[in-house]
Every structure is written in C-alpha cells, then in structure tokens.
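Sequence lines, in order, name chains A and B.
Reading the first sequence from the start, the letters are residues 1 to 114 in the numbering used here.
Reading the second sequence from the start, the letters are residues 1001 to 1112 in the numbering used here.
Working notes, structure below.
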Amino acid sequence: AQTVTQSQPEMSVQEAETVTLSCTYDTSESDYYLFWYKQPPSRQMILVIRQEAYKQQNATENRFSVNFQKAAKSFSLKISDSQLGDAAMYFCAYSYSGTYKYIFGTGTRLKVLA
Amino acid sequence: NAGVTQTPKFRVLKTGQSMTLLCAQDMNHEYMYWYRQDPGMGLRLIHYSVGEGTTAKGEVPDGYNVSRLKKQNFLLGLESAAPSQTSVYFCASFSGTNYGYTFGSGTRLTVV
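Laid out in structure tokens, this is it:
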C-alpha cells in the first residue's frame, strides 16, 4: 500500500529566509504524481506545486521549488524568501493513474517569524 | 464561478441523527472524492466516484454512504452520527487530464 510521511509536525522560519519541508513516500507504481498543498487558516486547500514522476526536472513555481529524488522516494518543498503569508499547514500528497486517489501526509505547520 | 461547492459549511448534530452533505461541481469532472480531515492525521479518503452512477470505498468508509446519481453532484450521508465523525469534510473533483484536484471549502461537522 502507498504511504506518505511528513516527519516534521511543525517548522519555523524567519521572514525572508529559506525553509525546506520534508516528505517521503512509498509506492511500487512507476507512473505517479506528487503534490504540495497549502492550507491557511481559511481552511481552503491551495495547490502549491506538482511533480510528475516521469519528469526528472524538479518543478518550480516562483518562490516554491521541490527536490524530487525518485530512487530515494523523497519529495521536499523549498520555500525561498519566506513571507508572512506563507504561514499555513502544508500537506504532501501522492496520486497515481486510474482512480487518481490522493494519499496525504499528516502535514507540517509552518510558522513565519517577523 | 466555476468550482466545487459544499453545503452546509457548518453543522452541529446530536448523536444518532442523520444528515447529508452535498458536493456540487460545474466543471463536468468525472472523478469526485470525499475526505475527512482530523488533527494530526491529514486528509483521509472516505468514498470516491469515477463517474456518474459509480461509487467506491476509500480508506475510512464505515458509517458513511454516498451516491452519485448525477455527474455534477456527490452526496455524503451519515445515517446515525457518532462523536467520532466530528471532523472537517472536504469534497474534491478531478477531470482526469489535468492533474490537481479542485477542492471545496470544507464542512465543519460537530457531533455532540
């Protein structure tokens, strides 16, 4: 069975600094997708970034980038130039073709310190 | 606005009462999902549907039923609510071609 593990329940970062959130997963599939979602206090789930497993190049979206290590089954999120608005719960998620069910990690709460 | 609409947004139930959560999407998506979010446990899949008229069990289906009679609607029912069903419920839909769910805004359900 597929699993997703986020081992950091909470992280803190100074404003304008860089922080990396960790995520590992386990799967026997070769074709799958990985996501990072942000959940601010409003509760809305916001897609931050996604990565297709067949792509070797790491995805980047403005200040957000990932370090995708397929052999190690690792998918970390790097936030550069952290802003107060980045404070939220971040979820790592895995999905695969067919039913496209998501499997979520337990989340990492990010605090941004002014 | 196109998207996923969940109703209601908040609800308090007494133990043993029943209710239905409605999820409606106007994007013609084939796939729809119901998740529950609990502190420290992330989001867990309750039931899902891969098309009109189909439903399937997810990770935590006990105590819930679903129906997808129309493509745009996915209903989640609680026949006899229990305090363990106190949670935030999210509905999501997916086209199958552009990877990334569209989530509803969630329903906070409290069972007392």
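Glycine included, C-beta positions come from ideal geometry on N, C-alpha and C.
Original post:
Closest by CA to Thr3(A), which one among Ile79(A), Ala93(A), Ala114(A), Arg109(A)?
Top reply: Restricting attention to Ile79(A), Ala93(A), Ala114(A), Arg109(A), the CA atom closest to the CA of Thr3(A) is found in Ala93(A).
Original post:
What do you get for Ala1056(B), buried or exposed, if any count of 16 or more other CB atoms within 10 angstroms of its CB means buried?
Top reply: Label assigned to Ala1056(B): exposed.
Original post:
Expressed to the nearest angstrom, what Euclidean distance is found between the alpha-carbon atoms of Leu34(A) and Tyr1101(B)?
Top reply: Each residue's Cα considered, the two are about 12 Å apart.
Original post:
In the DSSP assignment, what residue or residues form a beta bridge with Glu10(A)?
Top reply: Arg109(A).
Original post:
Hey, how far is the Cα of Lys1070(B) from the Cα of Tyr25(A)?
Top reply: For Lys1070(B) and Tyr25(A), the distance between alpha carbons rounds to 35 Å.
Subject >> Cβ distance (whole Å) where Gln6(A) is taken to contact Ser22(A) below 8 Å >> reply: Contact flag correct, Cβ pair sits at about 7 Å.
Original post:
Which value, in whole angstroms, describes the spacing of the CA atoms of Cys1091(B) and Ser80(A)?
Top reply: Take the alpha-carbon of Cys1091(B) and the one of Ser80(A): they are about 31 Å apart.
Subject >> Contact set between the region 30-44 of chain A and chain B, restricted to residues whose Cβ is under 9 Å from the partner >> reply: Residues passing the 9 Å Cβ filter: Tyr33, Phe35, Tyr37, Gln39, Ser42, Arg43, Gln44.
Subject >> Beta-carbon proximity of Ser82(A) to Val19(A), cut-off 8 Å >> reply: Going by C-beta atoms, Ser82(A) is nearer than 8 Å to Val19(A).
Original post:
If we cut at 8 Å on Cβ distances, does Tyr1064(B) have a partner in chain A?
Top reply: Not one chain A Cβ lies under 8 Å of Tyr1064(B).
Subject >> Nearest-angstrom Cα separation, counted from Met89(A) out to Gln8(A) >> reply: Rounded to whole angstroms, Gln8(A) to Met89(A) spans 11 Å at the Cα level.
Original post:
List, in order along the chain, the chain B residues whose C-beta lies closer than 7 Å to that of Gly107(A)?
Top reply: Against chain B, the beta carbon of Gly107(A) has neighbours under 7 Å at Gly1042, listed in chain order.
Original post:
Do Arg1068(B) and Ser1049(B) have their CB atoms nearer than 8 Å?
Top reply: Yes, they are a contact pair.
Original post:
From Val1111(B) to Arg43(A), what does the alpha carbon distance come to, in whole angstroms?
Top reply: When only Cα atoms are considered, Val1111(B) and Arg43(A) end up about 20 Å apart.
**OP:** Can you say whether Ile46(A) is buried or exposed, counting buried as having 16 or more other CB atoms within 10 angstroms of its CB?
**Re:** With fewer than 16 other Cβ atoms within 10 Å, it is exposed.
**OP:** Less than 8 Å between the CB atoms is what I'm expecting for Leu1076(B) and Tyr1064(B), so what's the real figure, rounded?
**Re:** Their Cβ separation, rounded to whole angstroms, is 6 Å, which keeps Leu1076(B) and Tyr1064(B) in contact under 8 Å.
Original post:
Beta-carbon separation of Gln1017(B) and Gly1106(B) under 8 Å?
Top reply: Pairing Gln1017(B) with Gly1106(B) gives a Cβ-Cβ distance that is not under 8 Å.
**OP:** Return the residues of the region 59-76 of chain A that lie within a Cβ-Cβ distance of less than 8 Å from chain B, sorted by chain order.
**Re:** If the cut-off is 8 Å between Cβ atoms, the region 59-76 of chain A has nothing near chain B.
Original post:
If we ignore side chains and look at the alpha-carbon of each, how far apart do Cys11(A) and Tyr37(A) end up?
Top reply: The sequence shown places Met at residue 11(A), not Cys. Here the C-alpha atom of Met11(A) lies approximately 16 Å from the C-alpha atom of Tyr37(A).
Subject >> First through last residue of the beta strand (DSSP E) which encompasses Val1088(B) >> reply: That run of the beta strand (DSSP E) goes 1087-1094.
**OP:** Assuming Ser1084(B) and Val1004(B) form a contact by the criterion Cβ under 8 Å, report the distance between their Cβ atoms to the nearest whole angstrom.
**Re:** Actually they are not in contact, since the Cβ atoms of Ser1084(B) and Val1004(B) sit about 26 Å apart, beyond 8 Å.
**OP:** Determine the DSSP secondary structure at Gly1077(B), reduced to helix, strand or coil.
**Re:** If DSSP states are grouped into helix, strand and coil, Gly1077(B) belongs with the strands.
Original post:
Going straight from the alpha carbon of Thr1097(B) to that of Ser1087(B), what length do you get?
Top reply: Rounded to the nearest angstrom, the two C-alpha atoms are 30 Å apart.
Original post:
Within the 8 Å Cβ cut-off, does Tyr1089(B) reach chain A?
Top reply: Interface residue (Cβ-Cβ distance to chain A less than 8 Å): Tyr1089(B) is not classified as such.
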